[in-house]
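Data block below; observations after.
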Amino acid sequence: MEEKRSIVNEDAEKHRKLRDELNNQTKEWKAKRDELNGQVRDLVDQAGKCREERDSYNQKVRETKELRDEWNQKVTALKEQLAPYRTEKTEEKDQVPLKQLKKQLQDLEYMQQTMPLGKDKENGIVKQISVLAKLIEEREKTYEQNDEMKGLVAQLREAKAQAETYHHQVSEYAEQAQAAHDRMIGYYEQADKLRKEADAAQAKFIECKQAADEEHKKHIEQIKSVHEMDKDAAAFKNKKNSVKKKKVDESGKKEAKEIFERFKAGEKLSTEDLMALQKSGYL
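Just so we're aligned, residue -10 is where the sequence shown starts under the working numbering, counting upward by one.
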């Protein structure tokens, strides 16, 4: 019985140690999971701020586009007002129309930028471009001498400048919106990666906790078995003592009866005999 109790007790201790080890692992996985989830929350918060920043810039893009389009409409309207001043009727009959000069300049610049040219030919084109640019500048100055036309030209330049300014702002806001969007995506991707790690840590947490609970259950079962053994051993011992006591009592009563018979017969009793009679209830 004692050997069996020792074996069961050792087994219970083994399950207790394993349970404690698993509980420690459970705490570690829980701490790791919570840390990862905290990082995920921080990244999601950062992504949310980037989304707000992106949406703010996109709103600015829309608003600035409207302003740019308004100025472009003014540019178109002013060009239409200036068109009559730039028709061939206002030019000398032997002059090449300004519109045609600008077309020639544009063609030469395109040729210079896109076509492979020899050194001499390129120098010739550069010279033609210079001559045409100077001619166009002089022709436009002549037009500006007309007060009404001069005012329209000034307005046109202002409208073009405003349209260009807003166009640059649109580009800048669009770039900033895209940068904020890219940062947002980056934060979300990092959050997704860490969320998977957190989910894996949660799975390990559950696995260790279930294993720890199982070891605890086995430990309790073995402890109960030890207690049952102790209870059975105590009951057996009590029963054994009871039988022994009964035998002692019966023997004592028999001895006391004999002493009492001797007492009734007038025999002188010793102190031990008197104590035996008193213990057995004869006195």
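Glycine included, each C-beta is placed from N, C-alpha and C at the ideal position.
Start-to-end residues for the alpha helix (DSSP H) that takes in residue i
i: Y99; result: L87 to T103
Local conformation of residue i per DSSP, three classes
i: L124; result: helix
i: K198; result: helix
i: E244; result: helix
i: Q84; result: coil
i: K38; result: helix
i: L71; result: helix
i: E256; result: coil
i: L106; result: coil
Contacts around residue i, its chain only, beta-carbon distance under 6 Å, and the 5 residues preceding and following it disregarded
i: Q191; result: R22
i: K274; result: Because the chain here runs from -10 to 272, residue 274 falls outside it and cannot be looked at.
i: A200; result: L11
beta-carbon residue i near the ligand PLP non-hydrogen atom, thresh 6 Å
i: E42; result: Although the ligand PLP was asked about, the structure shown includes no ligands whatsoever.
Inter-residue Cα distance where the pair is residue i and residue j
i: A72; j: H157; result: 27 Å
i: N61; j: A152; result: 6 Å
i: E206; j: K220; result: A small fix is needed here, since residue 206 is Lys in this sequence, not Glu. Their backbone Cα atoms lie some 21 Å apart in a straight line.
i: A166; j: Y176; result: 15 Å
i: R57; j: K116; result: 36 Å
i: N47; j: A169; result: 10 Å
Contact set for residue i: own chain, Cβ-Cβ below 7 Å, skip 5 residues either direction
i: K185; result: none
i: D0; result: Q211
i: W18; result: A190, K193, F194 and C197
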